[in-house]
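Chemist: Quick one: structure below, then a few questions.
Residue numbers (full-length UniProt numbering): 1 to 388.
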């Protein structure tokens, strides 16, 4: 293909005028150029890095803002984005993975899908409800609270009558094992998305001056604003995790407090939150786009600006990688596919940028990572072995 024709395909792709066949030709030819770097013509095409970033930004933009015409089209874009999974040094484009019928011996033999919804609701009396075994509809009635499953993967608490402020609420716990998470609507209308291997303990209804819940793992909150009877002062919503409290009035935020991560990370999307370390005098108030990091027991809170899309991608069914190292990727795969990871030899130092659908089979994810040429994987008895 002439370099001028390739440049024209790039421009059509970026302005949205390209058809599906043109996309396929573009990606395949780009892949060929990555193998033979001497063939890249900067006078016609511009710098290699500039073209890579322009294409990648277009893909990520389309993922964030899918057009109206159906979920299937969005899935195609997600697949295209997965093809763009690349190493920052020595970029390798993974288009051939989608446009041929290659299958490694690792793929079908050891294919593992995400574990799926196997959440458990533990009531205050200790009884357990295995949610995947229950049909949609009412699961239990506890006093003036109805607990129902509106659809697979979503639990709703609803109040049927006025709350007696003298009555103590019952505390329930929703837990998710390794695999996909669960959604929860609390009695005050607050919506919670629980990630894999996480939990939330909450009252069947809220009374008193505060609304308090506690979490482990990772959760995303959309807090419903509620005023006190005077109508002026808002009732705070407090999330307790290991070593910290997050106090909000009405806002959207994400908390990651997995023990193996070392630090709690609180990320604000909308509104305002106050992050406090347990037993520490220091607190920080976040603005949208900021993330607070606190190592339990240290009392020190650092704040930085972060990519919100990356932080909450799990809620929307994606892994978004941004110069992510192999150990952080493996931690996510452990939670999602309920596998263990072992390293044979030195840990590869590669970093990845791109996007992968969380519902992908494990063999596909590993094949995409292998195509970088810097790391290899083998599966043995539900253990991913990372090879240099």
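Each residue gets a CB set at the ideal place from its N, CA and C atoms; glycine is no exception.
When you compare each of 350, 158, 244 and 329 to residue 265 by their alpha carbons, which one comes out closest?
Modeler: Residue 244 is the option with its Cα nearest to residue 265.
Chemist: Measuring alpha carbon to alpha carbon, tell me which of 189, 288, 149 and 226 ends up nearest residue 306.
Modeler: Measuring from the Cα of residue 306, the nearest candidate turns out to be 288.
Chemist: List the endpoints of the continuous beta strand (DSSP E) containing residue 392.
Modeler: Missing from the structure shown is residue 392; the chain here goes from 1 to 388 and no further.
Chemist: I'd like to check one pair, residue 321 with residue 329: are the Cβ atoms closer than 8 Å?
Modeler: Cβ distance < 8 Å, so residue 329 and residue 321 count as in contact.
Chemist: When you compare only the Cα positions, how much space is there between residue 185 and residue 172?
Modeler: Going by the C-alpha atoms only, they are around 13 Å apart.
Chemist: Which two residues bound the contiguous beta strand (DSSP E) that contains residue 322?
Modeler: Looking at the DSSP string, the run of the beta strand (DSSP E) that includes residue 322 is 318-325.
Chemist: Taking all protein chains shown into account, do 16 or more other C-beta atoms lie within 10 angstroms of the C-beta of residue 138, making it buried, or fewer, making it exposed?
Modeler: Exposed is the call here.
Chemist: Reducing DSSP to helix, strand and coil, say where residue 244 ends up.
Modeler: Strand at residue 244.
Chemist: Let me make sure I understand the geometry here. Which of 223, 212 and 258 has the alpha-carbon closest to that of residue 239?
Modeler: Ranking 223, 212 and 258 by Cα distance to residue 239 puts 212 first.
Chemist: By the 10 Å Cβ neighbour count, where 16 or more other Cβ atoms means buried, how is residue 434 classified, buried or exposed?
Modeler: Because the chain spans 1 through 388 in this model, residue 434 falls outside it and cannot be assessed.
Chemist: Could you pull out every residue in the same chain whose Cβ sits closer than 8 Å to the Cβ of residue 262, ignoring the five residues on either side in sequence?
Modeler: Taken in chain order, the residues that qualify are 295.
Chemist: If you measure between the beta carbons of residue 276 and residue 253, is that distance less than 8 Å?
Modeler: Cβ distance not < 8 Å, so residue 276 and residue 253 don't count as in contact.
Chemist: Mind reading off the beta-carbon distance from residue 257 to residue 201? Whole number of angstroms is fine, and I expect it under 8 Å.
Modeler: Going by Cβ atoms, the distance from residue 257 to residue 201 rounds to 13 Å, so no, they are not a contact pair.
Chemist: Leaving out five residues before and five after residue 223 in sequence, what residues of the same chain have Cβ atoms less than 6 Å from its Cβ?
Modeler: The answer, listed in chain order, is 190, 237, 248, 250 and 251.
Chemist: Measuring only the C-alpha atoms, how far is residue 204 from residue 338?
Modeler: Straight-line Cα distance between these residues: approximately 30 Å.
Chemist: Going by Cα to Cα distance, which pick from 5, 197, 127 and 226 is closest to residue 210?
Modeler: Here the closest residue by C-alpha is 226.
Chemist: So is the beta-carbon of residue 182 under 7 Å away from any non-hydrogen atom of the ligand GTP?
Modeler: Inclusion of the ligand GTP in the displayed structure is not the case, the ligand content being empty and no account of it being possible.
Chemist: Let's see if you can read the secondary structure: which residues bound the alpha helix (DSSP H) around residue 367?
Modeler: Taken as a continuous stretch (DSSP letters only), the alpha helix (DSSP H) holding residue 367 covers 362-370.
Chemist: What does residue 206 pair with, by DSSP beta-bridge criteria?
Modeler: According to DSSP, residue 206 bridges with nothing at all.
Chemist: Alpha helix (DSSP H) containing residue 7: first to last residue?
Modeler: Run containing residue 7: 3-15, per the alpha helix (DSSP H) assignment.
Chemist: For residue 311, tell me which candidate among 221, 151 and 29 has the shortest Cα-Cα distance.
Modeler: It is 221 whose Cα lies nearest to the Cα of residue 311.
Chemist: Roughly how many angstroms separate the alpha carbons of residue 377 and residue 366, rounded to a whole number?
Modeler: For residue 377 and residue 366, the distance between alpha carbons rounds to 7 Å.
Chemist: What span of residues does the alpha helix (DSSP H) with residue 43 cover, start to end?
Modeler: Looking at the DSSP string, the run of the alpha helix (DSSP H) that includes residue 43 is 42-45.
Chemist: Identify, in the order they occur along the chain, each residue of the same chain with its Cβ nearer than 7 Å to the Cβ of residue 194, setting aside the five sequence neighbours on each side.
Modeler: Closer than 7 Å at the Cβ level, and outside the excluded window around residue 194, lie 174, 176, 181, 182, 184, 200 and 219.
Chemist: Less than 8 Å between the beta carbons of residue 127 and residue 144, yes or no?
Modeler: No. Outside cutoff.
Chemist: What's the C-alpha gap between residue 233 and residue 285?
Modeler: Distance between the alpha carbons of residue 233 and residue 285: 19 Å.
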